[in-house]
Amino acid sequence: AGMGVAEACGIDFVQEVYATRVAANTFIPGTDVVIELGGEDAKILFLSNGLEVRMNGTCAGGTGAFIDQMATLLNVELEDMDELAKQYEKTYTIASRCGVFAKTDIQPLLNQGARKSDIAESIFNAVVSQTVAGLAQGREIEGQVVYLGGPLTFMSELRNCFDRTLGTKGICPENSLYYVASGAALCATKPIDFDKVISEVKDYRGSGNFAFNPPLFASEEEYKQFSERHAKADVKQKELKGYKGKAYIGMDAGSTTVKGVVLNDNGELLYSKYLPSKGNPVEIIKAFLEEVYSINPEINVVSSAVTGYGEDIIKNAFDVDYGIVETIAHFTAAKYFMPDVEFIIDIGGQDIKCFKIHNGAIDNIFLNEACSSGCGSFLQTFANALGYQIADFAKLGLFAKRPVDLGSRCTVFMNSSVKQAQKDGATIEDISAGLSLSVVKNALYKVIRASSPEELGKKVVVQGGTFLNDAVLRAFEQEMGVEVVRPNIAGLMGAYGAALYAKNKCKGKGKSSLSDKKALDKFVHEIKVTNCGMCNNNCRLTVNSFGGGRK
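In our numbering, each residue carries its 1-based index in the sequence shown increased by 14.
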């Protein structure tokens, strides 16, 4: 990454792979294989009989950034994750692909009550699998193995996982973090004036030359008109407190967030909640229902429905009337705002769902499969890394004069593009707008693979919390050349659709089976790990019990 600085300041530059080989051969003669995990790259260097390099290309799954993201998901400090993994009792199969998308594998385990220590060890095993299978690709890793890079330096249990998989005892040398830098120093060919070089590095400034896109908004007036147009899809809100009519409750237990809404007979919003699941949607939903009953103890809940990743567990835990598939929930909500909708796109925290509608029914579905670079977590990651809350970060890009053209890449690799743009003089505003454009390009060209607005149709509804970001919404309209409908409850559409579904199914009659306040006061949630024993596989099961025979 320092090539530009080296050229500008007249410093010798050596490729890092070559520097690594020089360091290994100098300090640990006889090294056969070097495995190095960095923040966003992974490398295997085969040093026997010449040099062969295997390096990750378009995906940064299994790197240090991946481990960082998984620690955040587990809600543990990175330094504690290694000790946690050492306490494991069993492991699960986790795909170490995209650092965002892998949450899909881990979140259900958390939801089902799996021990964090078991998941931590499983994450380390996934990193090993990604590195060995993805990079070695069948070539034997044998002989003297050296471990380099931050993750392998600081995480002894990760090294143990590599040792067990490879059937060897690798070496993590002293000062392993500085091996590549040491190799670079050994490659120096001429003396330099340190004072001069330090001065030049301090004075180094970006060129200001970077690819950029047209501004999202040319003026404040244009943004005002944009906001007024989208305000037409607002859902009316009423007070839950003191409400005497029929109420319908919808819940969306998503992979990373939990949403809940209460509607009246007119589809108006009486109450809503949007919270992170923190690996335990049962407790979040319980708290949501307790709040509803606290605000209006006399509420008449006629029907209820739940959708999302946690549909089954929530339905059983709280005797919810209906479970509904996510696609139907989102379609139901979209039809409320645009009865003749032709295309629906929902961009959530880690997934993208797109539905093509034909003759009033879902005709085709597009989902992101192995990459989540176009999702909400993509923006969240960069906002946090740059020291901003996501809402503040999004606003910065609205009036950027030169939104950076960052293309569409893996979340982790995008770090390099952002850093390079900063070196070239891009402002935070330019980067914010550029990232919003990247979210849209990833969704359109990697998931939908659209080539023209005609493919989507003229009547488009956008959903998901990501579209509450006006910069993303504007980028979508600009990129596709169509004006779309974005409800003001875009982040609640799954729960809203579930509530509408419950309302339509019961036809306003009867009484909901949903747990009332008395049932919540007696609510019990127990988690037990057992073996199935019904066949020779003897699979491990995580059983959630809620009392009264419900599981």
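Glycine residues also receive a C-beta, built at the ideal position from the N, C-alpha and C atoms.
Please classify proline 290: is it buried, with 16 or more other beta-carbons within 10 angstroms of its beta-carbon, or exposed?
On the sequence shown, position 276 is the one that residue 290 refers to. Result: exposed.
Can you tell me where the beta strand (DSSP E) with valine 194 in it begins and where it stops?
Stepping through the sequence shown from its first residue, residue 194 is reached at position 180. First-last for valine 194: 193-200, but that is the alpha helix (DSSP H), not the beta strand (DSSP E).
CB leucine 458 to CB methionine 507, shorter than 8 Å?
Within the sequence shown, numbered from 1, the residue matching residue 458 stands at position 444. Within the sequence shown, numbered from 1, the residue matching residue 507 stands at position 493. A distance of 8 Å or more separates the beta carbons of leucine 458 and methionine 507.
Look at the alpha carbon of arginine 243 and the alpha carbon of phenylalanine 396, and state the distance between them as a whole number of angstroms.
Within the sequence shown, the letter at position 229 stands for residue 243. Within the sequence shown, the letter at position 382 stands for residue 396. Note on geometry: alpha-carbon atoms of arginine 243 and phenylalanine 396 lie some 29 Å from one another.
Rounded to whole angstroms, what's the CA-CA distance from threonine 203 to phenylalanine 27? Just pull it up for me.
As a working mapping, residue 203 is identified with position 189 in the sequence shown. As a working mapping, residue 27 is identified with position 13 in the sequence shown. When only Cα atoms are considered, threonine 203 and phenylalanine 27 end up about 10 Å apart.
CB-CB under 7 Å to serine 526, same chain, minus the five flanking residues each way: which ones, in chain order?
Position 512 of the sequence shown holds residue 526. Excluding residues within five positions, the ones whose Cβ falls inside 7 Å are Val315, Val316, Ser317, Ser318, Asp335.
Report buried or exposed for valine 538, applying the criterion of at least 16 other Cβ atoms within 10 angstroms of its Cβ.
Position 524 of the sequence shown, counting from 1, holds the residue named residue 538. Valine 538 counts as exposed, since fewer than 16 other beta carbons sit within 10 angstroms of its beta carbon.
Based on Cα-Cα distance, which residue from Ala128, Asn139, Leu124 lies nearest to isoleucine 108?
On the sequence shown, position 94 is the one that residue 108 refers to. Closest option to isoleucine 108, Cα to Cα, is Asn139.
If I'm right that alanine 267 touches glycine 322 with Cβ under 8 Å, what's the distance once you round it to whole angstroms?
Counting from one through the sequence shown, the residue named residue 267 turns up at place 253. Counting from one through the sequence shown, the residue named residue 322 turns up at place 308. With a Cβ gap of about 4 Å, alanine 267 and glycine 322 count as contacting.
When we look at the beta-carbon of glycine 563 and count the other beta-carbons within 10 Å, is it buried (16 or more) or exposed?
Position 549 of the sequence shown holds residue 563. Flag for glycine 563 reads exposed.
Can the beta-carbon of leucine 487 be found less than 8 Å from the beta-carbon of valine 476?
Counting from 1 along the sequence shown, the entry for residue 487 is found at position 473. Counting from 1 along the sequence shown, the entry for residue 476 is found at position 462. Cβ atoms of leucine 487 and valine 476: closer than 8 Å.
Is alanine 99 near alanine 134, with beta carbons less than 8 Å apart?
For the purposes of this step, residue 99 is taken as the residue at position 85 of the sequence shown. For the purposes of this step, residue 134 is taken as the residue at position 120 of the sequence shown. Yes, the pair counts as a contact, with Cβ atoms nearer than the cut-off.
Using the rule of at least 16 other Cβ atoms within 10 Å of the residue's Cβ for burial, across every protein chain shown, is leucine 555 buried or exposed?
In the sequence shown, the residue the question calls residue 555 occupies position 541. Label assigned to leucine 555: exposed.
At the level of alpha carbons, what is the spacing between isoleucine 298 and asparagine 545?
Residue mapping note: residue 298 aligns to position 284 of the sequence shown, counting from 1. Residue mapping note: residue 545 aligns to position 531 of the sequence shown, counting from 1. Roughly 28 Å separates the two Cα atoms.
Determine the burial state of aspartate 10: buried for a count of at least 16 other Cβ atoms within 10 Å of its Cβ, exposed for fewer.
Outside the modelled stretch of the chain, which goes from 15 to 565, sits residue 10, for which no answer is possible.
Sheet register partners of glutamate 235 (DSSP bridge):
For this step, residue 235 is matched to residue 221 along the sequence shown. The partner list for glutamate 235 (beta bridge, DSSP) is empty, contrary to what the question assumes.
Would a C-beta distance cut-off of 8 Å place valine 31 and valine 67 closer than the cut-off?
Position 17 of the sequence shown, counted from the start, is the residue given in the question as residue 31. Position 53 of the sequence shown, counted from the start, is the residue given in the question as residue 67. Result yes, Cβ atoms of valine 31 and valine 67 sit closer than 8 Å.
Could you give the first and the last residue of the continuous alpha helix (DSSP H) run that contains aspartate 535?
To locate residue 535, count along the sequence shown from 1; it is residue 521. Per DSSP, aspartate 535 belongs to the alpha helix (DSSP H) from 531-535.
Could you check what DSSP says for leucine 51 in three-state terms: helix, strand or coil?
As a first step, residue 51 is located in the sequence shown; it is residue number 37 there, counting from the start. In the structure shown, the three-state DSSP call for leucine 51 is strand.
Alanine 20 to glutamine 29, Cα distance in whole Å?
Working through the sequence shown from its first residue, we reach residue 20 at position 6. Working through the sequence shown from its first residue, we reach residue 29 at position 15. Per the coordinates, the alpha-carbon of alanine 20 lies some 12 Å from the alpha-carbon of glutamine 29.
Reducing DSSP to helix, strand and coil, say where asparagine 558 ends up.
Here residue 558 refers to the residue found at position 544 when the sequence shown is read from its first residue. Note: asparagine 558 maps to strand in three-state DSSP.
What are the boundary residues of the beta strand (DSSP E) that phenylalanine 369 is part of?
For this step, residue 369 is matched to residue 355 along the sequence shown. First-last of the beta strand (DSSP E) with phenylalanine 369: 366-372.
So lysine 210 is in the alpha helix (DSSP H); what residue range does that whole segment cover?
Here the question's residue 210 lines up with position 196 in the sequence shown. Here the alpha helix (DSSP H) through lysine 210 covers 208-216.
Just the Cα atoms here: how many angstroms apart are tyrosine 237 and glutamine 492?
Taking the sequence shown and counting its residues from 1, the one referred to as residue 237 is at position 223. Taking the sequence shown and counting its residues from 1, the one referred to as residue 492 is at position 478. Using only the alpha carbons, I get a separation of about 13 Å.
DSSP three-state assignment for isoleucine 42, whether helix, strand or coil
Here residue 42 corresponds to residue number 28 of the sequence shown, with the count starting at 1. Isoleucine 42 sits in coil when the DSSP states are folded into three classes, being neither helix nor strand.
Could you check the C-alpha separation between glycine 448 and alanine 405 for me, to the nearest Å?
Position 434 of the sequence shown, counting from 1, holds the residue named residue 448. Position 391 of the sequence shown, counting from 1, holds the residue named residue 405. Distance between the alpha carbons of glycine 448 and alanine 405: 16 Å.
For serine 431, the three-state DSSP class (helix, strand or coil):
Taking the sequence shown and counting its residues from 1, the one referred to as residue 431 is at position 417. DSSP places serine 431 in helix when its eight states are reduced to three.
Is DSSP giving aspartate 419 helix, strand or coil here?
As a working note, residue 419 is residue 405 in the sequence shown. In the displayed model, aspartate 419 falls within coil according to three-state DSSP, outside both helix and strand.
Identify whether valine 474 lies in helix, strand or coil by the three-state DSSP scheme.
As a first step, residue 474 is located in the sequence shown; it is residue number 460 there, counting from the start. Collapsing the DSSP output to three states places valine 474 in a strand.
Specify whether the region 42-50 and the region 155-175 touch according to this definition: at least 3 beta carbon pairs, one from each stretch, less than 8 Å apart.
Yes: at least three Cβ pairs fall under 8 Å.
Here's the rule I'm using: 16 or more other beta-carbon atoms within 10 Å means buried, otherwise exposed. How should arginine 35 be labelled?
As a working mapping, residue 35 is identified with position 21 in the sequence shown. By the 16-neighbour rule on beta-carbons within 10 angstroms, arginine 35 is buried.
Counting Cβ pairs, one atom from each stretch, are 3 or more of them under 8 Å apart for the region 222-234 and the region 265-285?
Output reads no: the region 265-285 does not touch the region 222-234.
Straight-line CA distance for alanine 414 to glycine 197?
Within the sequence shown, numbered from 1, the residue matching residue 414 stands at position 400. Within the sequence shown, numbered from 1, the residue matching residue 197 stands at position 183. Looking at the two C-alpha atoms, the distance is approximately 42 Å.
Limits of the unbroken alpha helix (DSSP H) element including lysine 565
Reading the sequence shown from its first residue, position 551 is the one you call residue 565. First-last for lysine 565: undefined, no H or E at that position.
Reduced DSSP secondary structure (H/G/I, E/B, other) of lysine 455:
Taking the first residue of the sequence shown as 1, we reach residue 455 at position 441. In the three-state reduction of the DSSP assignment, lysine 455 falls in the helix class, which pools H, G and I.
By a C-beta neighbour count over all protein chains shown, 10 Å radius and 16 as the cutoff for buried, is glutamate 325 buried or exposed?
The residue labelled residue 325 in the question sits at position 311 within the sequence shown. It counts as buried.
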